[in-house]
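This report concerns only the one structure given below.
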Amino acid sequence: MPRRDGTVAGDPDGELEPHALLRRQRELASLYATAKSLTALGGLDEVLQSIVHHAHDLIGTDFTYLSLVGADGRLSARASEGTISPAFLAAGIPAGVGLGGKVLASRSPHWVRNYAAATLIDHDPGFDRLVATEALVALLGVPLVIRGEAVGALFAADRSERSFRADEIALLTAFADHAAVALDNARLYEASRNALRELQIAYRKIERAQAVHEALTGVVLGGGTPGDVAQLLADQLGGSVTLLDRTGAALVHRDSASSPCRTPPATEPADTVKDTPRTARCTTSVDTAGVARSTASIQAGDSYLGALVWSRQAVADHGAPDETDLRTLERATHILGLLILKEQAVAEASERLSGELLTELMVGSPGISPAQRTRTRARHIDVDRLNLVLVADSPAVSPTDLARHLHDIARERAGLAGEHLGRATMVLHSTGDDHTVEEVHHRLRRTLGGPVVVVGERAVEHDWSRAFSLASRCAAVMRAIGHTDVGATTGRYALYAMIFDTERVGELDRFLSDSIGSLLDYDRRRGTDLVDTLSAYYLNRANVAATARALHIHVNTLLKRLDRVSTVLGAGWRTENDLELQLGLRLHQLRTIATAPS
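Below, the structure written as structure tokens:
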């Protein structure tokens with residue numbers, strides 16, 4: 001009998017209709033065939049479709065379908081037989097409404113004679129429209145229960161009003177029980193396959209990681225370079241690998257031969273490394289162009305040596321890299337740390353030897369001893385060809401660091417570099433001194449990213465000491481006159497040659513004595529500073545007020561000093577040709593700067 005709410009609960013104990021034996025045989029045969037299909041453990045959709053197909057044939061309704069509760073809490077059809085509307089299969093309704101909601105809530109069969117007319121069912125407007133399209137009228141639903149939880153329902157529907165018999169309800173329930181078993185088994189089977197697949201993938205990753213680690217070790221033992229390590233990683237991981245130095249500048253960039261990441265290495269370091277924590281653990285980011293970068297710093301104890309950046313196209317999971325690949329990248333930083341320390345040790349030993357040889361040549365010049373010739377020849381340097389001495393100076397970089405940069409140039413040019421008497425110095429062979437000095441200045445300027453002065457002087461007959469003295473004094477004068485970013489030979493500053501040429505010191509003394517000698521004597525005897533006062537006076541274009549402000553004295557005090565100058569030089573010093581006087585004051589000032597300790 002129908003219930004008062006318009007639904008009917010199933011009763012499996014009803015009487016059998018005529019020909020029940022024949023029908024029961026067909027039912028049992030179909031159930032056996034369905035159960036047998038489950039043993040194949042095929043795909044879930046395939047098994048569920050088989051359930052629906054056999055249920056449709058046996059029950060004889062217009063159509064049959066099976067729905068499951070998804071992760072979103074909606075009941076959606078997964079298999080059907082006899083439906084005519086594609087939209088019906090694509091639809092989903094909340095699991096708590098409709099006839100399906102009652103079946104799931106009670107975990108028992110329910111049916112209605114006329115779905116659209118049932119007033120005590122919570123209708124879903126969207127599904128009701130599909131009901132009209134499909135011409136669904138009578139509907140029977142039975143639950144799919146797995147370990148006490150209703151996970152879906154199996155439905156049989158007719159396009160005309162009717163009641164469902166107890167044997168039909170029992171038969172559909174039996175099919176639903178098979179479907180629940182199929183669903184549970186398929187899920188377990190799929191989980192087992194996924195677990196096995198993940199285990200196989202993990203094993204292959206471990207094997208690859210082990211092979212990469214062995215290859216990295218082989219690179220070190222075989223005398224490989226950081227570039228070899230970067231290429232090996234790029235080929236194994238895919239994408240591109242960039243090695244950065246302490247400042248974030250790219251030292252090495254290597255692309256995978258099979259799957260390179262077309263990203264200009266020059267744009268990577270500043271954006272990638274500036275916020276990188278000083279730890280070997282990787283950090284990963286994805287830029288707006290869809291390029292994922294994993295960065296690990298290279299350290300030796302507390303010393304930061306640089307960073308390793310792995311770039312590749314981001315995948316669908318926002319570029320999240322595989323943990324095994326990240327561990328491989330991190331292990332590579334240890335290898336690179338060893339290689340960098342090794343290269344630094346070799347470079348430092350080479351720089352130390354180069355600096356020692358440079359000092360020996362400077363101290364022992366002019367001339368070359370047999371021992372010096374032997375030692376330079378061992379370094380593949382022809383000491384007889386070293387005819388240009390260069391001195392470099394920068395306000396932002398220490399002489400030691402400047403000398404380190406000069407070492408790189410000296411190695412390429414078969415020269416020597418080091419720090420001599422507090423100045424970064426290099427000696428090398430040159431056929432065009434002006435061009436060589438300008439080239440070295442350009443290279444240092446680009447490396448340092450700031451102003452630098454490079455002065456060159458040709459060494460005649462192996463007299464490197466004299467050339468060094470001229471170049472270093474010229475560098476001091478250049479800085480004093482405001483030339484802080486230039487590369488030039490001392491010849492371009494011939495006007496000041498007598499200041500830093502020790503062999504012409506007598507000429508300078510005579511000129512200074514003739515021009516300002518009386519003022520210098522007066523200052524020494526009286527403890528005054530007439531020379532500095534007069535220098536400031538000319539520097540401020542003979543403007544009394546400006547000169548007083550520059551010297552931080554009162555105008556009256558300045559006028560008294562200028563009167564004393566008139567007493568020493570004569571009253572006509574302001575009206576006569578004072579070019580010689582001004583030049584003497586300037587040369588005296590520059591000489592003081594050039595001869596001051598560095």
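Here the sequence shown stands for residues 1 to 598, where the numbers follow this note's numbering. We treat Cβ as the ideally placed atom computed from N, Cα and C, and that holds for glycine. All values derive from a computational prediction rather than experimental measurement.
Does the beta-carbon distance from A230 to V212 come in below 7 Å? no
What first and last residue would you give for the alpha helix (DSSP H) that runs through I169? 166-221
Just to confirm the assignment: which complete beta strand (DSSP E) runs, minimum length 3, are found wholly within the stretch 55-95? List check, beta strand (DSSP E) in window: 63-69, 74-81, 92-94.
Using only the alpha-carbon positions, how far apart do T295 and R246 sit? 14 Å
Out of G355, E412, G449, which has the shortest C-alpha to C-alpha gap to H420? G355
Let me make sure I understand the geometry here. Which of W573, A410, Y537 has the alpha-carbon closest to that of H552? Y537
Here's the rule: buried if 16 or more other CB atoms are within 10 angstroms of the residue's CB, otherwise exposed. What is L308? buried
Alpha carbon to alpha carbon, how far is R549 from L416? Take the alpha-carbon of R549 and the one of L416: they are about 49 Å apart.
Can you list, in chain order, the stretches of the beta strand (DSSP E) that have 3 or more residues and sit fully within the stretch 450-526? 453-458, 486-489
Buried or exposed (CB count within 10 angstroms, at least 16 for buried), H588: Buried, by the Cβ-count rule.
Return the chain-ordered list of same chain residues with a C-beta closer than 7 Å to the C-beta of T376, the five sequence neighbours on each side being excluded. L357, V383
So, with DSSP's three-state summary, where would you put S106? helix
If W573 and L581 are in contact, beta carbons under 8 Å, what's the gap, nearest whole angstrom? Confirmed, about 7 Å.
Assign E457 to buried or exposed, taking buried as 16 or more other Cβ atoms, counted over all protein chains shown, within 10 Å of its Cβ. buried
Do the CB positions of P451 and L339 come within less than 7 Å of each other? no
What would DSSP say about S413, mapped onto helix, strand or coil? First, the residue type needs correcting, since residue 413 is Arg and not Ser in the sequence shown. DSSP places R413 in coil when its eight states are reduced to three.
What are the partner residues of W310, as DSSP defines its beta bridges? V241, S294, per the DSSP bridge assignment.
Contact between the stretch 172-180 and the stretch 45-53: three or more CB pairs below 8 Å? Short answer: they touch.
Every unbroken beta strand (DSSP E) within the stretch 366-425, with a cutoff of 3 residues, ordered by chain: 388-393, 416-420
From V291 to A234, what distance separates their C-alpha atoms? 15 Å
Alpha carbon to alpha carbon, how far is S285 from G319? Give it in angstroms, no decimals. Annotation note: pLDDT 46 at G319 (below 50); position unreliable, coordinate value reported separately. Looking at the two C-alpha atoms, the distance is approximately 8 Å.
Is the stretch 132-141 touching the stretch 154-161, taking contact as three or more C-beta pairs under 8 Å? yes
Could you tell me which of I59, V363, A332, H110 sits nearest to G611, measuring between CA atoms? In the structure displayed, the chain extends from 1 to 598; residue 611 sits before or after that span and is not available.
Nonlocal neighbours in the same chain, by C-beta distance under 7 Å from L402, ignoring five residues either side: A392, S394, A424
Is the separation between the beta-carbon of V565 and that of S518 shorter than 7 Å? no
Is the Cβ-Cβ distance between D124 and I169 less than 7 Å? no
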